[in-house]
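In my numbering, the protein residues as written are 1 to 389.
Backbone N, C-alpha and C define an ideal beta-carbon position, used for all residues, glycine too.
What follows is the structure, given as structure tokens:
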């Protein structure tokens, strides 16, 4: 089926809010409920629901994109290769981004901010969608990609980080946001490619991941905890999106949208109740990816899909989202731009006036910052500059 407006709208809103909350580090005296909750606190803030929602959207897109490739005649081998390449790109980006966080301020031959700028430029050079750029021949494309690759190798070679007072080279650490997405996409993409719409088997995998998520907290004695590279919470959010997408397509074709929404609403209530029931045993924690946090966020994800579906498919609400449409169509570009902009501002010794970064005024500033990033990306998109992995 064609692009689903609900998914594009949900992706655009999620990226808008991701840029917004990622800008909180520039603010002072903002409400605690908006921030990430610390690991020791039993609770969650608004910032803690954004990443799960993004993983859910990744899952929503997997069946649709793979089915398009199948309908276009792509063999499983070609789709498998695409999944591997896309995952690899996201994981590489994630690892470089997470290492910037612990980069030494003075240990490298260049500043950490220059290092970050080179990283962002390299990612653009390697993964920009050259096919959309007119009058660009293959030789130029290969040269630009090669240049980007050399730059990444260069900043990896000169990297020096600091972990707990110890000088280190680059580490995978927690893989970074894009790295987590990459691993979860790899796992779920391959699962869907193998099983397609075999709901029973997908549910078995979902329940297995739920158990793994519980056991990551060593709930059952004598049973070892294990991961599929990254925490089970990441795979669960994506797989919940995959299942939602499968049912959406099924009921959409059968013109039973209302039944689909009722089922989805029922599932969201079940996850919400389950999350609060297990809260005494598993405190709500994004940092630890606790089962209660996973369940509550899954409920929020499903409910968000319902609300957006009703607004976008049944009303003209989509026209109000047009100003941030690029966040849904050039999502990766939107995510990367701040990695280029922030270090440039630092090197320029730019600082916001105090009154612009405090309280509600600061929040408005961050909202406008997010909107400005998306508008800029919209301009890039119109000029055929867009990242694609």
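Where residue 82 is concerned, the enclosing alpha helix (DSSP H) starts and stops at 76-101. Assignment of alpha helix (DSSP H) within the segment 290-337, counting only whole runs of 4 or more residues, yields 291-314, 326-329 in chain order.
Per DSSP, residue 163 is one residue of the beta strand (DSSP E) stretching across 161-163.
In this structure, residue 41 lies near residue 285, with their beta-carbon atoms less than 9 Å apart. One thing to note: residue 108 has its Cβ within 9 Å of the Cβ of residue 159. Here residue 233 is near residue 52, since their CB atoms are less than 9 Å apart. Nearest to residue 313 by alpha-carbon distance, out of 356, 289, 33, 252, is 252. Residue 269 counts as exposed, since fewer than 16 other C-beta atoms from the protein chains shown sit within 10 angstroms of its C-beta. The beta carbon of residue 168 lies closer than 6 Å to those of 161 in the same chain, with the five residues before and after it left out. Boundaries of the alpha helix (DSSP H) around residue 147: 138-157. Look at residue 132 here: in three-state DSSP terms it is helix. Residue environment: residue 93 is assigned as buried (16 or more neighbouring CB atoms within 10 Å of its CB, all protein chains considered).
Annotated three-state conformation of residue 166 is strand, per DSSP.
Beta-bridge partners assigned by DSSP to residue 28: 358. Here residue 178 is near residue 335, since their CB atoms are less than 9 Å apart.
For residue 172, same chain residues with a beta-carbon under 7 Å away, outside a window of 5 residues either side, are 95 in chain order. Under the 10 Å beta carbon count, residue 245 is surrounded by 16 or more other beta carbons and is classified as buried. Burial check for residue 278: the Cβ neighbour count within 10 Å reaches 16 or more, so the residue is buried.
The segment 99-119 makes no contact with the segment 208-226: fewer than 3 CB pairs, one atom from each, lie closer than 8 Å. CA-to-CA, the gap between residue 13 and residue 380 works out to about 19 Å. Taking the CA atoms as reference points, residue 370 sits about 24 Å from residue 38.
Nearest to residue 237 by C-alpha distance, out of 68, 60, 16, is 60. Judged by their CB atoms, residue 186 and residue 84 are nearer to each other than the 9 Å cut-off. Counting only the Cα atoms, residue 57 lies some 17 Å from residue 260. Distances from the alpha-carbon of residue 378 to those of 349, 332, 118 put 332 closest.
Taking all protein chains in view, the Cβ of residue 368 is surrounded by fewer than 16 other Cβ atoms within 10 Å, so the residue is classified as exposed. By the neighbour-count criterion, in which a residue is buried when 16 or more other Cβ atoms sit within 10 angstroms of its Cβ, residue 273 is exposed. Rounded to whole angstroms, the Cβ separation of residue 119 and residue 339 is 7 Å, and the two are in contact under 8 Å.
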